[in-house]
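In numbering that gives the first Met the number 0, the protein residues as written are 0 to 708. Glycine is no exception: its CB is placed at the ideal position from the N, C-alpha and C atoms.
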Amino acid sequence: MIGERMSAVSYQVDGEVAVLTVDYPPVNTASLAVRTGLAETLERARGDEAVRAVVIMGGGKTFIAGADITEFGTDKSKASPSIQDIQNILEDFPKPVIAAIHGTALGGGLELALTCHARVAVASAKVGLPEVNLGILPGAGGTQRVPRLTGVDAAIDIMTTGKHISADKALEMGLIDAVVDDARTGAVAFARDVVASGRSFMPVTQRDDKITGVDPSVFARARATVGKKARGKIAPMAIIDCVEAACSSSAAQGLAFETEKFAELYASDQRPALMHYFFAEREARKVPGLKAVAKPIRSAAVIGAGTMGGGIAMVFANAGIPVTLADISDEALAKGMATIRKNYEISVSRGSMAQGKMDEALARISTAINYADFAQADIVVEAVFEKMDLKKDIFTRLDAVMKPGAILATNTSSLDIDQIAAVTERPEDVIGVHFFSPANVMKLQENIRGARTSDEVIATVMDLGKTLGKNVVLAGNCDGFIGNRMLQYYTGEAGFLMEQGATPEQIDRVAEKFGMPMGPISMRDMSGLDIGVLVRKERLKKLPPGERFSPILERLVEQGRCGMKTGKGFYRYEGRDKSPDPETTQIIEDVANELGIERRTFTDEEIEFRLFAPLVNEGAKEIEDGTALRAGDIDVAWVNGYGFPSHKGGPMFWGEQVGLDKIYDAAVAAAERNGPRWAPGKLLKRLAMEGKGGRTPEGARCHLHEKRR
Ligand code: CAA
């Protein structure tokens, strides 16, 4: 433990160079222990006459990964020395200090490095300022120093996206001074060279007191483009304000402005929501009580060369795993491969993928018609139509040919995993691995454990998610699992709202203002109304007596309106451009008349609550019955699978902030309107009665995390 060690930063002398190594696992955050250790060892180096230069590096797998988020809001974050105190020491240090970067230098870690006299990094290192993902901004001078090094456009891009930048790119941008083979030896050699040459370095903020010559229209343009992507996030806009300040005021004024903006963001509701989300994403990877470790996955197969299967094959190929794409005919495979190639070409043309990477990825995808051709794959993912009989047939055939120990996964979005597993002689190897469309873009991988799935198979697919660059959650086996089970209440309420007088446009506008990438009505049009009707046919069989779905969907499909693909659904389409359609209004009014529903107008607030509160109720029921392990897992599923705004923390965190008593009341009212399925669950009821929820105090955990009683 760190408290038992002398210091979180060790001091060694290599000839005339002092090497300060930060050792604070797991990611060497700039915690109080590290800041104290740096201040002490820098003082030692200052007084050590044998030392003529200093290297700061990270021990273990990384350089400093940023401020310690767990210290936010605690006395430790306010205690001296602060990151800024260390930066002041560094900028005035009488001997050259070189940052030696390996792993990642992120946030406050990179900002510390930017106040060293020079920075070197190994080729595999990444640097970045990901504070925006936590609802804050680089508050240790990043917004003022980065534009001075990289220029305004690149600085805005780096800080508003939070992306990681490779060492080569960082060198090109001026963020680092050299790429070296080994962090320690490279930095020590660099330091010796600096000493020998007598080179002097000026602190970044003193090189230009103010950034000049920037066309002011850059900021208006940046606000327009970044604003579109931000969907209500305030931190990206505050970052642009700070970069603008770097161009209009002195460095000292710019730094003071940054501090002011940081404080505003820190106090906003978005910061705790995004911090909750950060930890939820990491916790979701952990499955308590698993008695096995993950196996390596070195090869894969995907059955079904349609949009979903092709996307999944790309996910494996992009992660460096050879994959066989299988379908029933050469035509289907050729069509699937053409779509894959086209998708890669689009990435290359947009500059998000290098041609060489595309060629490598394509070379990893082979095709097959016979199952025997991929029998040796470590995992096979079935991604065909949502028809139980078809899936059973495929799993019977897989069981016959796949090597012992291969994982047999289904990409079903709602079907019963146990029924599929039951046709095999190895139900312990069967699991749901549900990707979201388009699989090569959407970040969620919802894994579904069947009743007999082995711990080893669960551990392996959870681990695989990280390799594939996905955010994982583990769900229990029920209709729709974590995400789609909740979705039916969201889209269901949208249907009822239309019957009662809300227009499709108003519903979509409210959802999009809330932060969803697309409203529920447009989402239906895009995924195909006919598909929605098919899924509902199955669900209708299970509806309790007295419950119904709004029949608007079926009426539209009867009129040939299947959504965007047929040029009309709820909306009318010219390509992707949509407009309201009076025919839809008529269909909705007819349905309302037939059902004797009195129509009225709705406020945006009413619509927002009617759409989102049922998600929280159903999510709480999932925690209650074990479908979701934790409230945070539901948040991870909804942020990554459905685009729920991360700055609201996910539906469960949002529900807590609104107040569980209000969510409870909404569920009681929904049950009166729509039937017993909408009634509050036991967990929600108990927490609401106990007065839980409302604005969560700093550092408090989501009450919905509490286990069932
Ligand atoms: N503070 C506290 N804990 C952190 C942390 C941080 N900044 N970054 C990571 N951790 C913890 C994680 O919660 C996780 O803990 P558990 O093992 O208990 O779950 C552990 O470190 C390992 O993290 P990952 O599982 O994410 O490990 P990884 O190897 O996949 O990724 C990483 C490593 C790239 C550093 C990633 O953790 C990451 O991106 N961290 C966030 C970095 C960040 O946001 N820095 C900016 C902080 S804010 C700031 O610096 C403000 C400022 O301007 C002064």
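Practice problem: Would you decide whether residue 130 is buried or exposed? Buried here means 16 or more other CB atoms lie within 10 Å of its CB. | Solution: buried
Quiz item: Which partner residues does residue 646 have in the DSSP bridge list?
Solution: DSSP lists no partner for residue 646.
Quiz item: Heavy atom of the ligand CAA less than 6 Å from the Cβ of residue 721, yes or no?
Solution: No answer is possible for residue 721: it lies beyond the span of the chain, which begins at 0 and ends at 708.
Quiz prompt | Straight-line Cα distance separating residue 634 from residue 100 | solution = 34 Å
Quiz prompt | Exposure of residue 36, with buried meaning 16 or more beta-carbon neighbours within 10 Å | solution = buried
Quiz item: Mind checking whether the beta-carbon of residue 25 lies closer than 6 Å to any heavy atom of the ligand CAA?
Solution: yes
Quiz item: Are residue 146 and residue 110 closer than 7 Å when you measure CB to CB?
Solution: no
Quiz item: Alpha carbon to alpha carbon, how far is residue 0 from residue 393?
Solution: For residue 0, the predicted structure reports a pLDDT of 35, less than 50, and the residue's modelled location is therefore unreliable. The matter cannot be settled from this model.
Practice problem: Kindly indicate which residue of 53, 40 and 536 has the alpha-carbon position closest to the one of residue 192. | Solution: 53
Quiz item: Which one or two residues does DSSP pair with residue 12 in a beta bridge?
Solution: 17
Practice problem: Look at the Cβ atom of residue 141, then the Cβ atom of residue 128, and state whether they are nearer than 7 Å. | Solution: yes
Quiz item: Looking at the structure shown, is residue 294 part of a helix, part of a strand, or coil, going by DSSP?
Solution: coil
Exercise. Please indicate yes or no: does the CB of residue 65 lie closer than 6 Å to some heavy atom of the ligand CAA?
Key: yes
Quiz item: Of all the options 413, 398 and 431, which has the alpha carbon lying nearest to the alpha carbon of residue 425?
Solution: 398
Quiz item: Within the present structure, is the beta-carbon of residue 137 separated from the nearest heavy atom of the ligand CAA by less than 6 Å?
Solution: yes
Practice problem: Can you tell me the Cβ-Cβ gap for residue 115 and residue 98, rounded? I've got them flagged as a contact below 8 Å. | Solution: 4 Å
Quiz item: Which value, in whole angstroms, describes the spacing of the CA atoms of residue 450 and residue 417?
Solution: 6 Å
Practice problem: Please report how far the alpha carbon of residue 639 lies from the alpha carbon of residue 573, in whole angstroms. | Solution: 29 Å
Practice problem: Answer with buried or exposed for residue 125, where buried requires no fewer than 16 other C-beta atoms within 10 angstroms of its C-beta. | Solution: buried
Quiz item: Roughly how many whole angstroms lie between the Cα atoms of residue 646 and residue 632?
Solution: 16 Å
Quiz item: Is residue 613 closer than 7 Å to residue 678 when the C-beta atoms are compared?
Solution: no
Quiz item: Is it the case that the CB of residue 31 approaches a heavy atom of the ligand GTP more closely than 6 Å?
Solution: Among the ligands present in this structure, namely the ligand CAA, the ligand GTP is not found.
Self-check item: Chain-order list of residues whose beta-carbon lies under 7 Å from that of residue 4 (same chain, five-residue window excluded)
Solution: Confidence at residue 4 is low in this model, with a pLDDT of 47, below 50, so the placement of that residue should be treated as unreliable; the coordinate-derived value is given next. Result list for residue 4: empty, nothing under 7 Å.
Self-check item: Inter-residue CB distance, residue 135 and residue 265 (contact presumed, cutoff 8 Å)
Solution: 6 Å
Quiz item: Around the C-beta of residue 27, are 16 or more other C-beta atoms found within 10 angstroms, so that it is buried, or is it exposed?
Solution: buried
Exercise. Provide the residue span of the beta strand (DSSP E) that contains residue 57, from first to last.
Key: 52-57
Quiz prompt | residue 4 (DSSP reduced to helix, strand or coil) | solution = Reliability of the predicted coordinates at residue 4 is poor, the pLDDT of 47 falling under 50, and no value is obtained from them.
Exercise. Output yes or no for whether 7 Å exceeds the beta carbon distance between residue 623 and residue 536.
Key: no
Self-check item: Entirely enclosed alpha helix (DSSP H) segments - the stretch 134-181, minimum 4 residues
Solution: 141-149, 151-160 and 166-172
Quiz item: Can residue 712 be considered in contact with the ligand CAA, in the sense that its beta carbon sits closer than 6 Å to one or more heavy atoms?
Solution: There is no way to answer for residue 712, as the model of the chain reaches only from 0 to 708.
Quiz item: What's the gap between the Cα of residue 371 and the Cα of residue 445?
Solution: 28 Å
Quiz item: So residue 294 packs on residue 459, CB below 8 Å; how close in whole Å?
Solution: 5 Å
Exercise. Would you kindly check if the distance between the Cβ of residue 498 and the Cβ of residue 590 is under 7 Å?
Key: yes
Quiz item: What do you reckon, are the CB atoms on residue 414 and residue 441 nearer than 7 Å?
Solution: no
Exercise. Go to residue 41, then tell me how far its alpha helix (DSSP H) extends in each direction, as first and last residue.
Key: 31-46
Quiz item: Should residue 539 be labelled buried (16 or more other beta-carbon atoms within 10 Å of its own) or exposed?
Solution: exposed
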